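Novice: This is the structure I have questions about; it appears just below.
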Amino acid sequence: MYMVTAKAPVRIDLAGGWSDAAPFCEQVGGDVVNVAINHYAHAEMTTDEDGKISVNYGCDIPVGSGLGTSGAINVALMAVIKGAEDSEELAFKFEQVLGNHGGRQDQWAARYGGIQHLKFIGQDVERVHLVPPPSFNRWLEKHLIIADTGVRHSSGDLHDGVWARYEEVLPHLMDIRQSGRDMPSHVQRDDRYNLCKAMNSYTAAVGRLDPALNEPYLILEEMSDVLAWKGMGAAAGGYVGIISRNPDATKEAIPWDVLEWQIDYDGLVLSDE
604 MYMVTAKAPV
614 RIDLAGGWSD
624 AAPFCEQVGG
634 DVVNVAINHY
644 AHAEMTTDED
654 GKISVNYGCD
664 IPVGSGLGTS
674 GAINVALMAV
684 IKGAEDSEEL
694 AFKFEQVLGN
704 HGGRQDQWAA
714 RYGGIQHLKF
724 IGQDVERVHL
734 VPPPSFNRWL
744 EKHLIIADTG
754 VRHSSGDLHD
764 GVWARYEEVL
774 PHLMDIRQSG
784 RDMPSHVQRD
794 DRYNLCKAMN
804 SYTAAVGRLD
814 PALNEPYLIL
824 EEMSDVLAWK
834 GMGAAAGGYV
844 GIISRNPDAT
854 KEAIPWDVLE
864 WQIDYDGLVL
874 SDE
């Protein structure tokens, strides 16, 4: 028996999500900063002695979480079938066939790992790995809480509702993109104050796209230790990222399950035996 296995990380996004999706990224261009984390999609393909092939796949994190699970699953799946090269683009095109109108940030995070500034220009992706001081990474892992609201959503449905009002929401998408353009320098320079400012700017712009997108998280506005927050992915439920000056107190105060996490620096890992 021959077996190929793959694991690919899910991601959290700090700013710029929505700007990676068409038609905005094709007409204007997009910028996203995201962080791969140590929770994974897995895929396995086996070939038995008779040449029969079987494929299994799944993810540590529920679909509809806002952490890019579908993108990670499909990167792992494409990798066991076709190899690591171009698995991110193959995964994106596979999702398009399935009717997903989202962007490319999830697949690129799963493929390459680490902290990335992703630029979306038409159909092309320019990838810049960010390498902030180790103290920044330690601060982020301690002070950025990832919590599960328990509300599941379909990012495709959320995208459809926004893109149907494209001309109306275009100014807000421009603000979202600007947050993604500002964020890389804050990360790289370990500028925590302006990182929180950019995240809050992003969240406010998402609320202008549709107030319902931020509604599940509004209790955070009343918590004095919370410096910034944003819904992960397309928002409207799933996981929320919360930067707190006192993370232990905030974890006690929120009514949601907390996901322990660390940065994944490896991205897609493929092996055979």
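For the sequence shown, my numbering assigns the number 604 to the initial residue and increments by one for each residue that follows. Just so you know, even glycine gets a beta-carbon here, dropped at the ideal spot from N, CA and C. This structure is a prediction, so every number in the text was calculated from the model and none was measured.
Just confirm the distance between the C-beta atoms of residue 611 and residue 678, as a whole number of angstroms; I'd bet it's less than 8 Å.
Specialist: For the purposes of this step, residue 611 is taken as residue 8 along the sequence shown, with counting starting at 1. For the purposes of this step, residue 678 is taken as residue 75 along the sequence shown, with counting starting at 1. At roughly 4 Å, the Cβ-Cβ gap stays under 8 Å, so residue 611 and residue 678 are in contact.
Novice: In chain order, what residues of the same chain lie with their CB nearer than 6 Å to the CB of residue 710, ignoring the 5 residues before and after it?
Specialist: Taking the first residue of the sequence shown as 1, we reach residue 710 at position 107. Here the set comprises 674, 678, 691, 694 and 695.
Novice: Excluding the 5 residues preceding and the 5 following residue 627 in the sequence, name in chain order all residues of the same chain whose CB lies nearer than 6 Å to its CB.
Specialist: Walking along the sequence shown from the start, residue 627 turns up at place 24. Once the five neighbours on either side are set aside, the close Cβ partners of residue 627 are 776.
Novice: For a minimum of 4 consecutive residues, which ranges assigned as the alpha helix (DSSP H) are wholly contained in the segment 739-822?
Specialist: Whole alpha helix (DSSP H) segments, 4+ residues: 758-766, 769-791 and 795-812.
Novice: What do you reckon, are the CB atoms on residue 633 and residue 783 nearer than 8 Å?
Specialist: If you number the sequence shown from 1, residue 633 lands on position 30. If you number the sequence shown from 1, residue 783 lands on position 180. Yes, the pair counts as a contact, with Cβ atoms nearer than the cut-off.
Novice: Could you tell me which whole beta strand (DSSP E) segments of length 3 or greater appear in the segment 661-722?
Specialist: Complete beta strand (DSSP E) runs here, min 3: none at all.
Novice: Can you tell me whether residue 625 is helix, strand or coil according to DSSP?
Specialist: To locate residue 625, count along the sequence shown from 1; it is residue 22. Of the three classes helix, strand and coil, the one that applies to residue 625 here is coil, per DSSP.
Novice: In this structure, does DSSP put residue 851 in helix, strand or coil?
Specialist: The residue given as residue 851 occupies position 248 in the sequence shown. Residue 851: helix per DSSP, three-state reduction.
Novice: Can you tell me the Cβ-Cβ gap for residue 754 and residue 813, rounded? I've got them flagged as a contact below 8 Å.
Specialist: Here residue 754 corresponds to residue number 151 of the sequence shown, with the count starting at 1. Here residue 813 corresponds to residue number 210 of the sequence shown, with the count starting at 1. Not a contact, Cβ separation roughly 15 Å.
Novice: Which residue's Cα is closest to the Cα of residue 877: 617, 654 and 682?
Specialist: Because the chain here runs from 604 to 876, residue 877 falls outside it and cannot be looked at.
Novice: With a threshold of 6 Å on Cβ separation, who are the neighbours of residue 715 within its own chain once the five nearest residues in sequence on each side are excluded?
Specialist: For this step, residue 715 is matched to residue 112 along the sequence shown. For residue 715, where only same-chain residues beyond five positions count, the Cβ hits under 6 Å are 870.
Novice: Could you have a look at residue 824 and say whether DSSP puts it in helix, strand or coil?
Specialist: Residue numbering aside, residue 824 sits at position 221 when the sequence shown is read from its first letter. If DSSP states are grouped into helix, strand and coil, residue 824 belongs with the helices.
Novice: So, do the segment 784-798 and the segment 733-751 have three or more beta carbon pairs nearer to each other than 8 Å?
Specialist: Touching, per the Cβ criterion.
Novice: Taking the C-alpha atoms as reference points, what is the distance between residue 862 and residue 706?
Specialist: Counted from its first residue, the sequence shown places residue 862 at position 259. Counted from its first residue, the sequence shown places residue 706 at position 103. Near 25 Å, if we compare the C-alpha coordinates of residue 706 and residue 862.
Novice: Please name the residue or residues paired with residue 830 in a DSSP beta bridge.
Specialist: Locating residue 830 in the sequence shown gives position 227, where the first residue counts as 1. Answer is none; residue 830 lacks a bridge partner.
Novice: Residue 737 by DSSP, collapsed to three states: which one?
Specialist: Start at 1 with the first residue of the sequence shown, and residue 737 comes out as number 134. If DSSP states are grouped into helix, strand and coil, residue 737 belongs with the helices.
Novice: For residue 604 versus residue 875, is the C-beta spacing smaller than 8 Å?
Specialist: Locating residue 604 in the sequence shown gives position 1, counting from the first residue. Locating residue 875 in the sequence shown gives position 272, counting from the first residue. Result no, Cβ atoms of residue 604 and residue 875 do not sit closer than 8 Å.
Novice: Over the uninterrupted beta strand (DSSP E) stretch that includes residue 612, give me the two end residues.
Specialist: Translated into positions along the sequence shown, residue 612 becomes position 9. Run containing residue 612: 605-618, per the beta strand (DSSP E) assignment.
Novice: Using 8 Å as the threshold, is the C-beta distance between residue 785 and residue 801 below it?
Specialist: On the sequence shown, position 182 is the one that residue 785 refers to. On the sequence shown, position 198 is the one that residue 801 refers to. Yes; because the gap between Cβ atoms is below 8 Å, this pair is in contact.
Novice: For the segment 632-664, list the beta strand (DSSP E) runs that are entirely contained and at least 3 residues long, ordered along the chain.
Specialist: As far as the segment 632-664 is concerned, its whole beta strand (DSSP E) runs of at least 3 residues are 633-650 and 656-662.
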